[in-house]
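One structure is given below, encoded as structure tokens.
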Amino acid sequence: MSKTYIIANWKMNLMPKEAILQAKNIAKEYKSLKGKKDLELVICPSFTEIAAIAKILQPTGVFLGSQDVFWEEKGSYTSSISANTLKEYGCKYVIIGHSERRKLLNESNESINLKIKAALKAGLIPILCIGETFTERQAGQKESVLFDQVLNGLKDIWLKKGDSLLIAYEPVWVIGSGQAVDPDEAEITQAAIKRSLLEFMPAGVVADNIFVLYGGSVNGMNVKSFLSKPSIDGVLVGGASIDIEKFKPIINYK
Ligand code: 13P
Numbered sequence: 097m098s099k100t101y102i103i104a105n106w107k108m109n110l111m112p113k114e115a116i117l118q119a120k121n122i123a124k125e126y127k128s129l130k131g132k133k134d135l136e137l138v139i140c141p142s143f144t145e146i147a148a149i150a151k152i153l154q155p156t157g158v159f160l161g162s163q164d165v166f167w168e169e170k171g172s173y174t175s176s177i178s179a180n181t182l183k184e185y186g187c188k189y190v191i192i193g194h195s196e197r198r199k200l201l202n203e204s205n206e207s208i209n210l211k212i213k214a215a216l217k218a219g220l221i222p223i224l225c226i227g228e229t230f231t232e233r234q235a236g237q238k239e240s241v242l243f244d245q246v247l248n249g250l251k252d253i254w255l256k257k258g259d260s261l262l263i264a265y266e267p268v269w270v271i272g273s274g275q276a277v278d279p280d281e282a283e284i285t286q287a288a289i290k291r292s293l294l295e296f297m298p299a300g301v302v303a304d305n306i307f308v309l310y311g312g313s314v315n316g317m318n319v320k321s322f323l324s325k326p327s328i329d330g331v332l333v334g335g336a337s338i339d340i341e342k343f344k345p346i347i348n349y350k
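What follows is the structure, given as structure tokens:
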């Protein structure tokens with residue numbers, strides 16, 4: 097059975113106590129959900145809340161992810177967190193290359209590629225974020241930007257049997273805007289992303305090991321229109337995931 101991914105990216109929005117409360121609320125909502133066998137629900141809090149939230153989620157079936165990782169395993173890398181550390185704390189997923197990090201922290205496709213390799217080596221599932229800016233879109237560069245991010249982000253990466261990789265297509269210009277892209281456009285783009293993978297990955301790997309999500313102003317009203325599209329395997333949710341009343345209808349999208 098193929099899974100539907102709903103991934104909460106809390107960014108830097110919640111204070112520690114708020115994050116703990118939101119994790120408990122989400123776990124409670126998940127517990128009461130019917131027909132959830134095919135749902136993979138993931139929470140990505142700040143690094144500082146990972147240990148506490150791991151304990152809350154551990155018995156629930158809701159999974160934990162981090163919002164970033166460093167590519168080295170160990171050493172003199174002040175402020176950095178390794179993939180093995182995240183794994184030991186109970187993370188299953190890691191978001192890599194979010195547009196906010198690309199823009200504000202100059203994260204490059206090269207460093208993103210190293211982080212994906214480190215995550216896979218540690219047994220984490222990377223969530224590679226890609227997306228075009230409004231200017232790039234206006235200039236007709238959307239496809240070339242996305243393919244460049246996919247090609248360079250995944251350079252020299254060979255998924256082994258049992259490895260998974262998620263790609264989140266998040267058009268930069270709709271993130272946090274309250275206005276998602278048209279689900280039909282998202283579907284066409286996601287299908288094109290999957291086709292672009294076929295140029296450098298075996299078809300079996302693309303079909304079985306790689307899943308493509310949509311992100312950008314997903315809310316309770318529009319979530320179903322995205323998740324009902326055949327090429328959209330899930331959603332990456334920012335703003336609507338930090339408020340339980342807004343997140344409930346997303347979890348209950350069916
Ligand atoms: P919003 O859902 O707030 O638009 O954020 C999307 C996002 O950036 C998730 O990673």
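Going by my numbering, the sequence shown opens with residue 97, and the numbers climb by one from there. Even glycine gets a Cβ: it sits at the ideal position worked out from N, Cα and C.
Taken from the Cβ of L262, every heavy atom of the ligand 13P lies 7 Å or farther away.
Looking at K320, S240 and K257, the one whose alpha-carbon comes closest to that of D278 is K320.
Between the stretch 99–114 and the stretch 182–199 there are three or more C-beta pairs closer than 8 Å, enough to call the two in contact. In the displayed model, F166 falls within a strand according to three-state DSSP. Using a cutoff of 7 Å, the CB of A282 does not count as near the ligand 13P, since none of the ligand's heavy atoms is closer than that. Annotation: the continuous alpha helix (DSSP H) that includes L117 extends over P112 to K127. Secondary structure note for E145: it is in no alpha helix (DSSP H), with a DSSP letter that is neither H nor E. The alpha carbon of T144 has as its nearest neighbour, out of S172, R198 and M108, the alpha carbon of M108.
In this structure the stretch 129–136 does not touch the stretch 162–172; the number of beta carbon pairs closer than 8 Å is below three. Remark: the C-beta of G312 is in contact range of the ligand 13P, defined as less than 7 Å to any heavy atom.
With the rule of 3 Cβ pairs closer than 8 Å, the stretch 296–310 does not count as touching the stretch 340–348. Rounded to whole angstroms, the Cβ separation of A115 and S142 is 7 Å, and the two are in contact under 8 Å. The beta carbon of I338 sits closer than 7 Å to those of W106, N109, L110 and Q118, all from its chain and outside the five residues before and after it, given in chain order. The stretch 265–281 makes no contact with the stretch 244–252: fewer than 3 CB pairs, one atom from each, lie closer than 8 Å.
Runs of the alpha helix (DSSP H) lying entirely within the stretch 168–248 and spanning at least 4 residues, in chain order: 179–184, 195–200, 205–218 and 230–234. Your pair E239 and P267 does not check out as a contact, with CB atoms roughly 12 Å apart and the cut at 8 Å. Within the stretch 304–340, complete alpha helix (DSSP H) segments of at least 4 residues are found at 319–323, given in chain order. Within the same chain, Cβ atoms closer than 8 Å to the Cβ of I177 are found at F143, S162, D164, V165 and F166, the five residues on either side in sequence being excluded. Sorting T231, A235 and K257 by C-alpha distance to the C-alpha of I221 places K257 at the top.
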